[in-house]
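Chains as they are written, first to last, in my numbering: chain F, 1 to 304; chain B, 305 to 608.
Positions of the beta carbon are idealized from the N, C-alpha and C atoms, including for glycine.
Before any comments, here is the structure.
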DNA sequence: TAATGTATTTCATCCAAAAATAAGACAAGC
DNA sequence: GCTTGTCTTATTTTTGGATGAAATACATTA
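As structure tokens, this is what we get:
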């Protein structure tokens, strides 16, 4: 009856995912041991995770015999929901961007404002510092590195991405994981077919991020991959909203699908060129929007 | 008689640097207040720093009147000497590279091995994690991401740098800080003129790093700057030794000087091309060395 | 024999209190 | 009026113990 810890929840989800990947159905038997090995973790948390699943009625323990799968897990439930720290980071970034936070601030003040404990806050500040959003002051306190409503950052960001992402497709070790193209295609198609709602923005952002990060990973160059992942982390803090409407979603997704087709055909040169113009277009978009300075910022992500 | 804290030591050094930059000589008077303002810090640690300098005989306090500078600080003492955490990071990276550390390891084991406290260790691990050298395991412990003696990383690193550093010189906002070229030139000339010793390796590395980071900063693109700084941080962990002998130092420095001349003349296109071939040459060098796999690794930095 | 069940050990985090240190205010001296 | 000296307050860091969780070893059962 103890509430499951984060690791245990995580393991429970991954176990269901493993079951799905292996195509197991109701009546199959699971093994604590092999699950623990596959998840690279000891049996203890796996046991707890299975207990958790048993409480939900998905599996049943047979004493001294094993664990029986009762029903195949249907549709993916939620996927990774952002934890409390992630959420606080987004709130801090938003408040800073909209000018609600001063240039310099102490840890205690942040703890009070966002009602989080010190260890969490410190991890959070460390992450923000690595993204070059803040730095420690000598002595006490922290300082934000960019002013609120820093417009030039958008152009710099896209110019940086233009340097590495198109070239990543041309790296000698480039190799896509099997099935990746198809999975991405499916996700994009679903986005296009489903009706657009405000709440789709986060899912759309994550799909976008996965697309670019997946290609960077395929480059085989860990530094390109790392740089793109960083870009996504930063963007996640300020861009979880999408203010360009559904027609831009369509254009964006079509361009992605075209790149996927091109890559499947093996024409990396062309894909690289497409990526370049894709990013250029996105840069223009941002810039045009940035002119009024506030509209995209005040659209609130995570409000619900 | 209390031992100076890290901030105080830092301030003491920076005060000396300020004195030098302002061209003050023996007999000049320092003010706690203005120093505190310039250093963006309260008077308390500045006072302590000055007390520290007084104990070393560099300044003298005159009660209720001020602080007298006794002797102009001559040659830069050490420059920033790496703190204990930095040192431990280098040791960990080296031990990992040479295979002395296993793929997975617990925090306590690291605390025992390197004799550091938990908070220091945690900061250190967080930094290593941001450099993509390690990651948390689910459950307890940490895992190194790259195997020891990972040769492919060198080529990937240089291919990444080739994407961004030459292009950084062509960014529209490119602007060098006044005096930067001259200062860099001086440091390079001194390196070339001074006799080469093993202990010069660290200074040489830092000059190198400052050269590349300075150009990246001048690009006016914060993401390029940030990426190059990250590269330097990573390189610092494994490349503090220099195993190519003095002749390579000469070649390297000459190439840097040539770029400085070209930039001074305003020809950024040519400078960009020079940077490209500079990095290509450095990549070749690494690769040729990497063939035997161990020599450069076992040459120990910081052993004395 | 290979799995689960149970107990022990090791490890990491959390919490509260105390110590250290910086920031800020006020008084005193030149 | 500006400086340094002194004091108070606010913030941060450290520390030790307590709690909780994971890894590991051992016993038990099909």
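What residues in its chain sit with their C-beta under 7 Å from that of residue i, if we drop five residues either side in the sequence?
i: residue 54/F; result: 60, 61
i: residue 562/B; result: 578
i: residue 6/F; result: none
i: residue 595/B; result: Its pLDDT being 42, under 50, residue 595/B is placed unreliably in this model, and the value from its coordinates should be taken loosely. Around residue 595/B: no qualifying Cβ.
i: residue 436/B; result: 449
Is the beta carbon of residue j closer than 8 Å to that of residue i?
i: residue 527/B; j: residue 144/F; result: no
i: residue 340/B; j: residue 347/B; result: yes
i: residue 387/B; j: residue 130/F; result: no
i: residue 67/F; j: residue 11/F; result: no
i: residue 285/F; j: residue 230/F; result: no
i: residue 374/B; j: residue 362/B; result: yes
i: residue 478/B; j: residue 572/B; result: yes
i: residue 26/F; j: residue 72/F; result: yes
i: residue 273/B; j: residue 393/B; result: Absent from the structure is residue 273/B, since the part of chain B shown begins at 305 and ends at 608.
i: residue 216/F; j: residue 228/F; result: yes
Using a Cβ cut-off of 9 Å, pull out every chain B residue sitting near residue i, in sequence order please.
i: residue 45/F; result: 442, 443
i: residue 171/F; result: 460, 463
i: residue 126/F; result: 427, 430, 431, 434
Using a Cβ cut-off of 8 Å, pull out every chain F residue sitting near residue i, in sequence order please.
i: residue 415/B; result: Per Cβ cutoff of 8 Å: no residues; residue 415/B is ~18 Å from chain F at best.
i: residue 346/B; result: 139
i: residue 311/B; result: 138, 139
i: residue 343/B; result: 138
Alpha carbon to alpha carbon, what distance is there between residue j and residue i?
i: residue 256/F; j: residue 283/F; result: 16 Å
i: residue 608/B; j: residue 539/B; result: Confidence is the limiting factor: at residue 608/B the pLDDT is only 26, short of 50, which leaves the residue's position unreliable and the question unanswerable from this model.
i: residue 289/F; j: residue 109/F; result: Low confidence applies to residue 289/F: its pLDDT is 47, below 50, so where it sits in the model is not reliable enough to give any reading.
i: residue 575/B; j: residue 473/B; result: 7 Å
i: residue 198/F; j: residue 93/F; result: 20 Å
i: residue 471/B; j: residue 220/F; result: 22 Å
i: residue 262/B; j: residue 541/B; result: Not covered by the structure: residue 262/B. The range shown for chain B is 305 to 608.
i: residue 423/B; j: residue 500/B; result: 38 Å
i: residue 186/F; j: residue 178/F; result: 14 Å
i: residue 34/F; j: residue 52/F; result: 18 Å
i: residue 324/B; j: residue 480/B; result: 22 Å
i: residue 550/B; j: residue 458/B; result: 21 Å
i: residue 530/B; j: residue 149/F; result: 20 Å
i: residue 139/F; j: residue 555/B; result: 42 Å
i: residue 415/B; j: residue 421/B; result: 6 Å
i: residue 367/B; j: residue 336/B; result: 13 Å
i: residue 308/B; j: residue 418/B; result: 23 Å
i: residue 476/B; j: residue 156/F; result: 10 Å
With residue i as the anchor, note down where its alpha helix (DSSP H) starts and where it stops.
i: residue 223/F; result: 222-238
i: residue 555/B; result: 549-568
i: residue 181/F; result: 180-193
i: residue 159/F; result: 152-168
i: residue 84/F; result: 84-97
i: residue 507/B; result: 504-522
i: residue 440/B; result: Run containing residue 440/B: none in the alpha helix (DSSP H); it sits in the beta strand (DSSP E), 438-440.
i: residue 318/B; result: 310-325
CB-CB under 6 Å to residue i, same chain, minus the five flanking residues each way: which ones, in chain order?
i: residue 405/B; result: 399
i: residue 181/F; result: 260, 264
i: residue 162/F; result: 279
i: residue 165/F; result: 275
i: residue 193/F; result: none
Which same chain residues end up closer than 8 Å to residue i when comparing Cβ atoms and leaving out the 5 residues on each side of it in sequence?
i: residue 536/B; result: 513, 516, 517
i: residue 104/F; result: 137, 141, 142, 143, 144
i: residue 191/F; result: 200, 203, 204, 207, 249, 253
i: residue 99/F; result: 148, 149
i: residue 15/F; result: 30, 35, 39, 46, 49, 50, 53
i: residue 266/F; result: none
Which chain F residues are close to residue i, counting only those with a beta carbon under 7 Å from its beta carbon?
i: residue 568/B; result: Going along chain F, no residue has its Cβ under 7 Å from residue 568/B, so there is no contact; the nearest lies around 25 Å.
i: residue 525/B; result: 156, 159, 160
I want to verify the contact list: residues of chain B whose CB lies under 8 Å from the CB of residue i, in sequence order.
i: residue 167/F; result: 467
i: residue 132/F; result: 526, 530
i: residue 10/F; result: 442
Can you tell me whether residue i sits near the ligand GTP, meaning its C-beta is under 7 Å from at least one heavy atom of the ligand?
i: residue 558/B; result: For the ligand GTP, the structure offers nothing, since it holds no ligand at all.
Which residue comes first and which comes last in the beta strand (DSSP E) that contains residue i?
i: residue 359/B; result: No beta strand (DSSP E) contains residue 359/B, which is instead part of the alpha helix (DSSP H) from 347-359.
i: residue 365/B; result: 363-366
i: residue 372/B; result: 370-373
i: residue 447/B; result: 446-448
Going along chain F in order, which residues have a C-beta closer than 9 Å to the C-beta of residue i?
i: residue 519/B; result: The contacting residues do not exist; residue 519/B stays about 15 Å from chain F at best.
i: residue 357/B; result: The premise fails here: residue 357/B is roughly 17 Å from chain F at the closest Cβ pair, so nothing lies under 9 Å.
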